[in-house]
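**Q**
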Amino acid sequence: MKIASINVNGIRDAVDRGFLDWLAQQDVDVVCVQNIKAKSFELGDHILYPDGYEGYFLDAEEDGFSGVALYCRKIPKAIMYGLGFPQCDHEGRFLQADYERFSIVSFLMPDGSDQKPNRHLWISTKST
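Residues in the sequence shown are numbered consecutively from 77, following the working numbering.
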């Protein structure tokens, strides 16, 4: 299985810059996408379900902030939205696809800024 990961820094802008054309040219089974910065309900089907892929999105509650996605050629057995920590999951940073013998995660780690109020929560989840 081939996997790619890309930080698009805004899915709509990335589409305008040719992201979907790039995706169509890739010989990959799963694409992990970070920094969607959009609500999935605001996106068109051409972004949610590009040719040959099923799209799975985890939005951040805050508009224009983080968000992750997975584009999968083969439908996973299960999708896990978030880590189960409400203090962190509202930021839309962790999306996991489970297959028969492995799992794939699209994860956007918070930046190193000490100004982030929940930064300590993310650091503590890394050790669990």
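Just so you know, even glycine gets a beta-carbon here, dropped at the ideal spot from N, CA and C. Because the structure is a prediction, the values reported are computed rather than measured.
Just the C-alpha distance for ASP127 and GLN163, rounded to the nearest angstrom, thanks.
**A** By one-based count along the sequence shown, residue 127 stands at place 51. By one-based count along the sequence shown, residue 163 stands at place 87. One alpha carbon belongs to ASP127, the other to GLN163, and they sit about 35 Å apart.
**Q** So GLY158 packs on LYS113, CB below 8 Å; how close in whole Å?
**A** Taking the first residue of the sequence shown as position 1, residue 158 is located at position 82. Taking the first residue of the sequence shown as position 1, residue 113 is located at position 37. Actually they do not touch by this definition, with Cβ atoms about 17 Å apart.
**Q** Whole angstroms is fine: what's the gap from VAL106's alpha carbon to ARG149's?
**A** The residue labelled residue 106 in the question sits at position 30 within the sequence shown. The residue labelled residue 149 in the question sits at position 73 within the sequence shown. Looking at the two C-alpha atoms, the distance is approximately 6 Å.
**Q** Candidates GLU167, LEU124, GLN110: which alpha carbon is nearest ASN96's?
**A** Along the sequence shown, read from residue 1 onward, the residue named residue 96 stands at position 20. Note on residue identity: the sequence assigns Leu, not Asn, to residue 96. When only C-alpha atoms are compared, the closest one is LEU124.
**Q** Give me the Cβ distance between ALA173 and LEU134, rounded to the nearest whole Å; I'm assuming they're in contact under 8 Å.
**A** Along the sequence shown, one-based indexing puts residue 173 at 97. Along the sequence shown, one-based indexing puts residue 134 at 58. Not really, about 11 Å apart at Cβ, beyond 8 Å.
**Q** With 16 other CB atoms within 10 Å as the buried threshold, where does ILE151 fall?
**A** Indexing the sequence shown from 1 puts residue 151 at position 75. Burial call: exposed.
**Q** Helix, strand or coil for LEU159, going by three-state DSSP, please let me know.
**A** For the purposes of this step, residue 159 is taken as residue 83 along the sequence shown, with counting starting at 1. Three-state result, LEU159: coil.
**Q** Would you kindly work out how many angstroms separate the C-alpha atoms of ASN83 and PHE183, rounded to a whole number?
**A** For the purposes of this step, residue 83 is taken as residue 7 along the sequence shown, with counting starting at 1. For the purposes of this step, residue 183 is taken as residue 107 along the sequence shown, with counting starting at 1. One C-alpha to the other measures close to 10 Å.
**Q** What alpha helix (DSSP H) runs, 4 residues minimum, are completely inside the region 100-139?
**A** 121-124
**Q** Determine, using beta carbons only, whether ARG149 comes closer than 8 Å to chain C.
**A** Checking the listed chains, one finds no chain C in this structure; it contains a single protein chain.
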